[in-house]
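> Sequence order for the protein chains is Z and C. Adding 57 to a residue's 1-based position in the first sequence gives its number in my numbering. Adding 1079 to a residue's 1-based position in the second sequence gives its number in my numbering. Built from N, CA and C at the ideal position, the CB exists for glycine as well.
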Amino acid sequence: RKEVEQDPGPFNVPEGATVAFNCTYSNSASQSFFWYRQDCRKEPKLLMSVYSSGNEDGRFTAQLNRASQYISLLIRDSKLSDSATYLCVVRDQAGTALIFGKGTTLSVSS
Amino acid sequence: DARVTQTPRHKVTEMGQEVTMRCQPILGHNTVFWYRQTMMQGLELLAYFRNRAPLDDSGMPKDRFSAEMPDATLATLKIQPSEPRDSAVYFCASGFGGIEEKLFFGSGTQLSVL
Chain Z
58 RKEVEQDPGP FNVPEGATVA FNCTYSNSAS QSFFWYRQDC RKEPKLLMSV YSSGNEDGRF
118 TAQLNRASQY ISLLIRDSKL SDSATYLCVV RDQAGTALIF GKGTTLSVSS
Chain C
1080 DARVTQTPRH KVTEMGQEVT MRCQPILGHN TVFWYRQTMM QGLELLAYFR NRAPLDDSGM
1140 PKDRFSAEMP DATLATLKIQ PSEPRDSAVY FCASGFGGIE EKLFFGSGTQ LSVL
């Protein structure tokens, strides 16, 4: 079983749509969670951290459900520039490396 | 803006040749990671250093891969001998450490082994 699993997509949505991605992780002891964004042929970049209480950054909302071991990312009012691959990332504990999911591809069209 | 610098950006080589990739982490960062990315496997951890000491290289094929940090400003990843299955994008990333650590990635080295 993969440690971090994501639906690869692609998710094809029109501008202005709301889209949600989920991610599941296998280690119940995992301690920190992130979403990274990767544009085509570019390096991954941190989008946002994910906290148990949920957190929001503009049009982006991240949620963590520890009981069900899943993380979600909601994007409201999608823009063309949101087209990218979104990587779910988990760290088990301090001193261990970040574990990346394979990513979910989003394509926003006009 | 401070950034992680990787060289070379692209490398084409023949099977059996040695490949060396270099990374300059962001000044002041104390953790360095090497990841390999392919379409099939996504981002896989190869090696992880903290304060120049290797903490985790369990994802790295030991018979042909080696990773070192000769000093705080340089990390290297070597493949000897290279094989076609090593073709991938190799990313270096650095961070400040800690449980909420945020990684900053270099632009990657696109490696093609013929």
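Z/I128 CB to nearest chain C CB: under 9 Å?
Output row for Z/I128: interface = no.
> Taking Cβ positions, are Z/V61 and Z/S89 nearer each other than 9 Å?
Not a contact, by the Cβ cut-off of 9 Å.
> The beta strand (DSSP E) with C/H1089 in it runs from where to where?
From DSSP, the beta strand (DSSP E) with C/H1089 extends over H1089 to T1092.
> Taking C-beta to C-beta, are C/L1122 and C/A1081 nearer than 9 Å?
In this structure, C/A1081 does not lie closer than 9 Å to C/L1122 by Cβ.
> Could one say the Cβ of C/Q1078 lies closer than 9 Å to chain Z's Cβ atoms, at least one of them?
In this structure chain C extends from 1080 to 1193, so residue 1078 of chain C is not present and cannot be described.
> Could you tell me whether the segment 152-159 of chain Z touches the segment 1149-1162 of chain C, where touching means 3 or more Cβ pairs closer than 8 Å?
Taking 8 Å as the limit for Cβ pairs, the verdict is that the segment 1149-1162 of chain C does not touch the segment 152-159 of chain Z.
> In the DSSP assignment, the beta strand (DSSP E) including C/P1133 goes from what residue to what residue?
Its beta strand (DSSP E) spans residues A1132 to D1135.
> Quick one: grab the DSSP three-state call for C/P1163.
C/P1163: helix per DSSP, three-state reduction.
> Name the residue from Z/N122, Z/I128, Z/C97 and Z/N69 whose alpha carbon lies nearest to the alpha carbon of Z/K136.
It is Z/N69 whose Cα lies nearest to the Cα of Z/K136.
> What in chain Z is Cβ-close to C/I1230, meaning under 8 Å?
Residue numbering for chain C in the displayed model covers 1080 to 1193; residue 1230 of chain C lies beyond these limits and cannot be assessed.
> Please state whether DSSP places Z/D170 in a helix, a strand or coil.
A query on residue 170 of chain Z cannot be resolved here, the shown segment of chain Z reaching from 58 to 167 and no further.
> Quick one: what does DSSP say Z/D64 is sitting in, helix, strand or coil?
Correct three-state label for Z/D64: coil.
> Is the beta carbon of Z/K99 less than 9 Å from the beta carbon of Z/Y93?
Result no, Cβ atoms of Z/K99 and Z/Y93 do not sit closer than 9 Å.
> Using the beta-carbon count (16 or more within 10 Å), is Z/I128 buried or exposed?
Buried, since its Cβ has 16 or more Cβ neighbours within 10 Å.
> Please list, in chain order, the residues of the segment 100-116 of chain Z that have any C-beta partner in chain C closer than 8 Å.
Answer in chain order: E100, P101, K102, L103 and S106.
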